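Asks: For reference, the structure I am asking about is given below.
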Amino acid sequence: MFKILRKEVLTPQTKLFVVEAPLIATKVEPGQFVVLRIDEKGERIPLTVADFDREKGTLTLIFQEVGKTTYHLGTLNEGDAILDLVGPLGRPSEIENFGKVACVGGGIGIAPVYPIARALKAAGNEVISIIGARSKDLLILEKEMAEVSHEIYVTTDDGSYGKKAFVTQELERLIKEGYRFAFAIGIGPVPMMKAFALVTTRYAIPAKVSLNPIMVDGTGMCGVCRVSVSGVTRFACVDGPEFDASEVDFDLLTARQRIYCEEERQSLERYQQSKCGGCERE
Amino acid sequence: MNEERAKPKVSPKREPMTRQDPHVRRHNFEEVALGYTEEQAVREAQRCLSCKKKPCVSGCPVEIEIPEFVKFIAERRFQEAIDKIHEKNSLPAICGRVCPQEDQCEKMCILGKKWEPLAIGRLERFVADYEMRKGEINIPKLPTPTGKKVAVVGSGPAGLTLAGDLAKMGHHVVIFEALHAPGGVLVYGIPEFRLPKEIVRKEVEYIKKLGVEVVTNFVVGKTRTIEELLRDGFDAVFVGAGAGLPYFMNIPGENLNGVYSANEFLTRSNLMKAYLFPEYDTPIKVGRRVAVVGGGNVAMDSARTAMRLGGEEVYCVYRRSRAEMPAREEEIENALEEGMILKELTNPVRIIGDENGWVREIECIKMKLGEPDSSGRRRPVPIEGSEFRLGVDVVVIAIGQGPNPLIPSTTPGLKTTKWGNIIAEEQTGATSLEGVFAGGDIVTGAATVILAMGAGRRAARAIDEYLRKK
Ligand SMILES: Cc1cc2nc3c(=O)[nH]c(=O)nc-3n(C[C@H](O)[C@H](O)[C@H](O)COP(=O)(O)OP(=O)(O)OC[C@H]3O[C@@H](n4cnc5c(N)ncnc54)[C@H](O)[C@@H]3O)c2cc1C
Ligand SMILES: Cc1cc2nc3c(=O)[nH]c(=O)nc-3n(C[C@H](O)[C@H](O)[C@H](O)COP(=O)(O)OP(=O)(O)OC[C@H]3O[C@@H](n4cnc5c(N)ncnc54)[C@H](O)[C@@H]3O)c2cc1C
Ligand code: SF4
Ligand code: SF4
Ligand code: FES
Chain A
32 MFKILRKEVL
42 TPQTKLFVVE
52 APLIATKVEP
62 GQFVVLRIDE
72 KGERIPLTVA
82 DFDREKGTLT
92 LIFQEVGKTT
102 YHLGTLNEGD
112 AILDLVGPLG
122 RPSEIENFGK
132 VACVGGGIGI
142 APVYPIARAL
152 KAAGNEVISI
162 IGARSKDLLI
172 LEKEMAEVSH
182 EIYVTTDDGS
192 YGKKAFVTQE
202 LERLIKEGYR
212 FAFAIGIGPV
222 PMMKAFALVT
232 TRYAIPAKVS
242 LNPIMVDGTG
252 MCGVCRVSVS
262 GVTRFACVDG
272 PEFDASEVDF
282 DLLTARQRIY
292 CEEERQSLER
302 YQQSKCGGCE
312 RE
Chain B
26 MNEERAKPKV
36 SPKREPMTRQ
46 DPHVRRHNFE
56 EVALGYTEEQ
66 AVREAQRCLS
76 CKKKPCVSGC
86 PVEIEIPEFV
96 KFIAERRFQE
106 AIDKIHEKNS
116 LPAICGRVCP
126 QEDQCEKMCI
136 LGKKWEPLAI
146 GRLERFVADY
156 EMRKGEINIP
166 KLPTPTGKKV
176 AVVGSGPAGL
186 TLAGDLAKMG
196 HHVVIFEALH
206 APGGVLVYGI
216 PEFRLPKEIV
226 RKEVEYIKKL
236 GVEVVTNFVV
246 GKTRTIEELL
256 RDGFDAVFVG
266 AGAGLPYFMN
276 IPGENLNGVY
286 SANEFLTRSN
296 LMKAYLFPEY
306 DTPIKVGRRV
316 AVVGGGNVAM
326 DSARTAMRLG
336 GEEVYCVYRR
346 SRAEMPAREE
356 EIENALEEGM
366 ILKELTNPVR
376 IIGDENGWVR
386 EIECIKMKLG
396 EPDSSGRRRP
406 VPIEGSEFRL
416 GVDVVVIAIG
426 QGPNPLIPST
436 TPGLKTTKWG
446 NIIAEEQTGA
456 TSLEGVFAGG
466 DIVTGAATVI
476 LAMGAGRRAA
486 RAIDEYLRKK
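Chains A and B supply the protein sequences, listed in that same order. Residue 32 is where the first sequence starts when you use my numbering, and the numbers rise one by one after that. Residue 26 is where the second sequence starts when you use my numbering, and the numbers rise one by one after that.
This is the structure we're talking about:
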C-alpha cells in the first residue's frame, strides 16, 4: 500500500498527490512514470512522476480527471492509500547541456515537463518555457515552472490569462524573433504535440515528445502501448515514452487512444451513478 | 506384481474425466475439466501395473515416483499419495492440470503400448485437490536458518519452485515480481477455465508459509538492478523472468484498433478480470468475429477466451496443418468442441481496417507443406493466388513470445544468446556472472511449466552449494 501524504487541488479537475514510495523515489529520474492501481477491481494506469524527494522518499503525481480511474483517484484523501504502485518505468529524459532549450507544456502536460525543465536548468541550459492551458483556471504549476526557467511565456486558448494563443504559436513566434533553440521538449495533448512536431521540424530543432498511449503492464509485456516511430513499431513503455518529435505517427496514436471510448464512457457513467445512488459525498 | 497376469484385469480404457458440456462452458469461465471422484481415482489407479522399470518416471522432468503414489491412491491412502508427490513436485495441482502429459509421463507408460496410458496427470490433480479441499496443508519442518539471502526475479513456476526449495534448505528467500500478483504465466496467461487462480493463490500461500517473502510491484532492472540487489546484501540472485515479450508478424495493419497480442488479450482477461467488466475496471473488446493467429497453447487459450467473451465466430489461423500444431491435443479438442473454427494451412498476409482505424478483415493465403525444415517439421509454403479474406473485428496474434530485454540490458556482463535468452548452464543455472543464476523460459525460450520448475529445482541445488562454499 502506498500512502497519500498530501493532496492539493490545483484546478477543479486537476489534483496533486504526494505519495510515500521510498524505493521508487531513490531511483526515479525526470521523464519516468509509474503505473498504479487504486484497488482490487481497479485498472492499471500510468502517471508521470512530476516531482520526487529522495530524502523523504516521496513522489509527486499530478493528474487530470478524465475518466473512471482518475475521477476515483481524485476522491482519495490524505491518509488514504493506493493498493499498487510500480516504477520507475520508461527511459529517463536525456539531460545534457544543449545551450538554449525550449520546454513546452500544454494542459496536464506541464506536470511532466516540470522535472525535465528543472534538470535541464541544473545541467546548465538556458531554459525558455512556454506553458498553456485552455483557460486560466486550468493552468497549473506556473510558479514552479517560473522558478526553473530563465524566461517563461504563458498562453490560454481563450485569452483568459497570459497571451491568447496556443503554446506552439508562441514557440514559433520566439523562433521567428531569433531564439535559436538547440533542443526542445513538448508534452501535452496529442494535437498539441503534433503541432509542436511540425514547428520544430520546420525549423530543424532537435525535439522530443512524451507519448501517452494506453498501457497495461508498463514493462514491455503486453504491447498495447505500441507506437510508430520512423515507420517502426516501438513499445512506448520501455522504448519511450520520449521519442523524436519529427518521427512520430501522431494519427496512429490518436486512433489507438480511442480503442476503449465506449467502455470508458460506460465505466464512468456507472461510477457516477453509483456515487449518486449511494448518496456519497464527493 | 507380474505384468502378464495383471493384463487381463486391466481396463483398456482410462477412467473418463467429467467435463462441462461444450455448449455451456463456451459461455462461462469456470473450470472445464471437473476432476475425478474418489471412486474414479481409485478405479483408474488400479489400472497401474506397478512396473519394476518405471518407464513413466523417466518421462517426468521432475521424476515423481509415479507407481508409488498411484499405489497409495489405489489403496485409498490419499494423504500418503500427495506426500509422495510433494517430495519431488511443489506444484502438483498445477502440473496435474497443465503438464503436456501425453508427451511426458503418460507417453512412456507401458499401458499405452496397447491401450490407453494411465491417466497420471488426472491422478496427480486428484490428490492435490484432495489435500486442498481438506484445508490444512502439511508444512515440513524447516532447518535452522543459514543466514544467507537469495533474491528471486519473477514469480512464475521457475521462481516459485526455486524459492520453495531454498526455503526448505534454510535460506531466506525474497521473490521480486513486476506485476501486482504473483504466479507469472499461471496468473496472467493461462485462463481461469483451465487453471483456477485460487489454486495458484494457494500454492503461493504455501511457499509463503515456508518463510519466503513475496514483493510485488517491483521491476528488477528498474526499481533495483541485479547489481544493486547484490550490493543490498543478497548472496545470490536467481532470474526466472520468463518469456514475456510478445512477437508480432510485421505485416501491414498490425497496429489497427482491435489487434491484440495474446499477452495483452489474456492479461486483460485473466489478471485484470476484464471478463467481469464493468464490475472490474479494465475493458476488453469483445469481437463478434475473431481471428486468432497461431497454433500453440497460447492460441488455444486466446480462442477459447474469445468465445467466452461472446465471440460468435472464432477462427484459429495456423500456417501448418493440424498434425503440426504445438498445442496440447486435449486443448485443441476442447477448443474445437467449443466451436473454434480451424483454418489450417493458412497464413495472414495483412490486416485491413476501416476509415476509423478499426480492424475489418484479415487477408490470408493458403499454404501447402513442403520440405522439412531444421526443426524437422515440413515447411509451409504459400500457394500463389490463393489469397482470401475473413471478415473479423478482433485479431489476436499468438505466434510466440521472446525474452524481455529489461534484465540483460540493465545487467552489465550478463551474457545472452543472439535472441536475447540468458545463457545459463543446464545443470546449475549458473550464468556468466558470479552469484547470478537463471532458469525457465528466460533461458530456454517459451517452454512448459514443468520444465521451468525443473530448472528452478536444479538451480536451487546449485545455489545451496554455492552459498555453503561462500
Ligand atoms: C507514460 C504516461 C504518462 C502519463 N502521465 C500522466 C500524468 O502525469 N497526468 C495525467 O493526468 N495523465 C497522465 N497520463 C494519462 C493517464 O494515464 C490517463 O489519463 C488515464 O489512464 C485515464 O484513465 P481513466 O480511467 O481516468 O480514463 P479513461 O476512462 O481510461 O479515459 C477517459 C478519456 O481519457 C482518454 N485517455 C485514456 N487513456 C489515455 C492516455 N493514456 N493518455 C491520454 N488520454 C487518455 C480517453 O481517450 C478518454 O477520452 C499518462 C499516460 C502515459 C501513457
Ligand atoms: C497462454 C499460455 C498458456 C500456456 N499453457 C501451458 C500449458 O498448458 N502447459 C505448460 O506446461 N505450459 C504452458 N505454457 C508455458 C508456461 O506457462 C511457461 O513455460 C512457464 O510459465 C515459464 O515459467 P517461468 O517461471 O520461466 O516464467 P513465467 O511464468 O513467465 O514468469 C515470469 C515472471 O517474472 C516476472 N518478471 C519478468 N521480468 C521481471 C523483472 N524485471 N522484475 C520482476 N519480475 C519480472 C513476470 O512478470 C512473471 O510474473 C503456457 C504459456 C502461456 C503464455
Ligand atoms: S509433473 Fe507432469 S510429467 Fe510429471 S508426473 Fe506430473 S503430470 Fe506427469
Ligand atoms: S508405466 Fe504406466 S503402468 Fe507402468 S508403473 Fe508407470 S504408470 Fe504404472
Ligand atoms: S504497456 Fe504493456 S508493453 Fe507497454
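Ideal placement from N, C-alpha and C gives every residue a C-beta, glycine not left out. As the structure is a computational prediction, the values presented were derived from the model and not from experiment.
Residues of chain A with CB under 9 Å from B/Tyr343, in chain order?
Replies: Near B/Tyr343 there are no residues of chain A at all, since even the closest Cβ is about 21 Å away, more than 9 Å.
Asks: What residues in the region 111–127 of chain A have a beta carbon less than 8 Å from any beta carbon of chain B?
Replies: Those residues of the region 111–127 of chain A that come within reach of chain B (Cβ to Cβ, closer than 8 Å) are Leu114, Asp115, Leu116, Val117, Gly118, Pro119, Leu120.
Asks: For A/Ala112, collect the residues of the same chain with a Cβ closer than 8 Å to its Cβ; drop the 5 residues on either side in sequence, then sort them by chain order.
Replies: Counting only Cβ-Cβ distances below 8 Å, and skipping sequence neighbours, we find Met32, Phe33, Lys34, Ile35.
Asks: Which same chain residues end up closer than 6 Å to A/Ala215 when comparing Cβ atoms and leaving out the 5 residues on each side of it in sequence?
Replies: For A/Ala215, where only same-chain residues beyond five positions count, the Cβ hits under 6 Å are Ala133, Thr231, Ile236, Ala238.
Asks: Taking the straight line between their C-alpha atoms, what separation do you get for A/Cys310 and A/Asp282?
Replies: Residue confidence is low: A/Cys310 scores 45 on pLDDT, short of 50, so the model does not pin down where it sits. Its coordinate-derived value is still stated next. Approximately 41 Å between the Cα atoms of the pair.
Asks: For B/Asp326, which of helix, strand or coil comes out of DSSP?
Replies: Looking at B/Asp326 - three-state DSSP - the assignment turns out to be helix.
Asks: At a CB-CB cut-off below 7 Å, which residues of chain A make contact with B/Tyr305?
Replies: Per Cβ cutoff of 7 Å: Lys72.
Asks: Decide if B/Lys494 is buried, meaning its Cβ has at least 16 other Cβ atoms within 10 Å, or exposed.
Replies: Exposed, because fewer than 16 other Cβ atoms sit within 10 Å of the Cβ of B/Lys494.
Asks: Should A/Lys74 be counted as a contact of ligand 1 given a C-beta to heavy atom distance under 7 Å?
Replies: According to the sequence as given, residue 74 of chain A is Glu; it is not Lys. A/Glu74: yes, Cβ under 7 Å from ligand 1.
Asks: Using three-state DSSP, classify A/Cys253 as helix, strand or coil.
Replies: Correct three-state label for A/Cys253: coil.
Asks: Quick one: what's B/Arg375 bridged to in DSSP?
Replies: In the DSSP output, where bridge partners are listed per residue, B/Arg375 has B/Glu388.
Asks: By alpha-carbon positions, which one of B/Ala480, B/Gly460, B/Ala188 ends up nearest to B/Asp466?
Replies: For B/Asp466, the nearest C-alpha among the options comes from B/Ala480.
Asks: Select from A/Thr250, A/Lys225, A/Tyr302 the residue whose C-alpha is nearest the C-alpha of A/Asp275.
Replies: Out of A/Thr250, A/Lys225, A/Tyr302, A/Lys225 has the C-alpha closest to the C-alpha of A/Asp275.
Asks: Grab me the residues of A/Thr101's own chain with a C-beta within less than 8 Å of its C-beta, minus the 5 sequence neighbours each way, in chain order.
Replies: Excluding sequence neighbours, A/Thr101 sits near Ile76, Phe94, Gln95.
Asks: When you compare each of B/Thr435, B/Lys443, B/Lys310 to B/Val421 by their alpha carbons, which one comes out closest?
Replies: When only C-alpha atoms are compared, the closest one is B/Lys310.
Asks: Give the range of the alpha helix (DSSP H) segment to which A/Ala150 is assigned.
Replies: It spans 141–153 - the alpha helix (DSSP H) in which A/Ala150 sits, taken as one unbroken run.
Asks: Assuming B/Val317 and B/Ala331 are in contact, meaning their beta carbons sit under 8 Å apart, how far apart are those beta carbons, in whole angstroms?
Replies: Their Cβ separation, rounded to whole angstroms, is 7 Å, which keeps B/Val317 and B/Ala331 in contact under 8 Å.
Asks: Taking 7 Å as the cut-off, is the C-beta of A/Pro146 nearer than that to any heavy atom in ligand 1?
Replies: Checking the Cβ of A/Pro146 against ligand 1 gives no.
Asks: Can you tell me where the alpha helix (DSSP H) with A/Lys207 in it begins and where it stops?
Replies: Here the alpha helix (DSSP H) through A/Lys207 covers 198–207.
Asks: For chain B, is any of its Cβ atoms less than 8 Å away from the one on A/Val240?
Replies: No, because no Cβ of chain B sits closer than 8 Å to the Cβ of A/Val240.
Asks: Taking only the alpha-carbon atoms, compute the straight-line gap between B/Ala463 and B/Arg68 and give it to the nearest angstrom.
Replies: If I take the Cα positions, the gap works out to 42 Å.
Asks: Using a Cβ cut-off of 8 Å (strictly closer), state whether B/Gly269 contacts chain A.
Replies: By this cut-off, B/Gly269 is an interface position.
Asks: Compare the Cα-Cα distances from A/Leu41 to each of A/Lys167, A/Ile290, A/His103, A/Gly118 and report the closest residue.
Replies: Looking at the Cα atoms, A/Lys167 is the closest of the given residues.
Asks: Taking only beta carbons into account, state which residues of the region 136–158 of chain A come closer than 7 Å to chain B, listed in chain order.
Replies: Against chain B - using a Cβ distance shorter than 7 Å - the region 136–158 of chain A contributes no residues.
Asks: Counting only Cβ-Cβ distances shorter than 8 Å, please list the residues of the region 247–277 of chain A near chain B, keeping chain order.
Replies: Listed by position along the chain: Val247, Asp248, Thr250, Gly251, Met252, Cys253, Gly254, Val255, Arg257, Ser259, Thr264, Val269.
Asks: For B/Val87, is the beta carbon positioned less than 7 Å from some heavy atom of ligand 3?
Replies: The answer is yes for B/Val87.
Asks: Alpha carbon to alpha carbon, what distance is there between B/Val212 and B/Ala268?
Replies: So the two alpha carbons sit approximately 14 Å from each other.
Asks: When the Cα of B/Val474 is compared with those of B/Arg101, B/Asn53, B/Gly121, which residue comes out closest?
Replies: Among B/Arg101, B/Asn53, B/Gly121, the Cα nearest to that of B/Val474 belongs to B/Gly121.
Asks: Could you tell me whether the region 389–403 of chain B touches the region 286–299 of chain B, using the rule of 3 or more Cβ pairs below 8 Å?
Replies: Segments in contact, no.
Asks: Taking only heavy atoms of ligand 5 into account, decide whether any of them is closer than 7 Å to the Cβ of B/Met297.
Replies: Because no heavy atom of ligand 5 lies under 7 Å away, the Cβ of B/Met297 does not count as near it: no.
Asks: Closer than 7 Å between beta carbons: that is the criterion. Which residues of the region 200–228 of chain B meet it against chain A?
Replies: Answer in chain order: Ala203, Leu204, His205.
Asks: Please decide whether B/Pro11 counts as near chain A, where near means a Cβ-Cβ distance under 8 Å.
Replies: What is shown of chain B runs 26 to 495, which leaves residue 11 of chain B out entirely.
Asks: Is A/Phe64 near ligand 5 - that is, is its Cβ less than 7 Å away from at least one heavy atom of it?
Replies: Not under cutoff, so the answer is no.
Asks: Could you pull the start and end residues of the alpha helix (DSSP H) that B/Arg226 belongs to?
Replies: 222–234 is the span of the alpha helix (DSSP H), which, as asked, contains B/Arg226.
Asks: What three-state label does DSSP hand B/Lys166 in the structure shown?
Replies: The answer is coil: DSSP assigns B/Lys166 none of H, G, I, E or B.
Asks: Just to make sure I have the definition right: I need the residues of chain B whose C-beta is within less than 8 Å of the C-beta of A/Lys58. Which are they?
Replies: Within chain B, the residues near A/Lys58 are Lys247, Thr248, Arg249.
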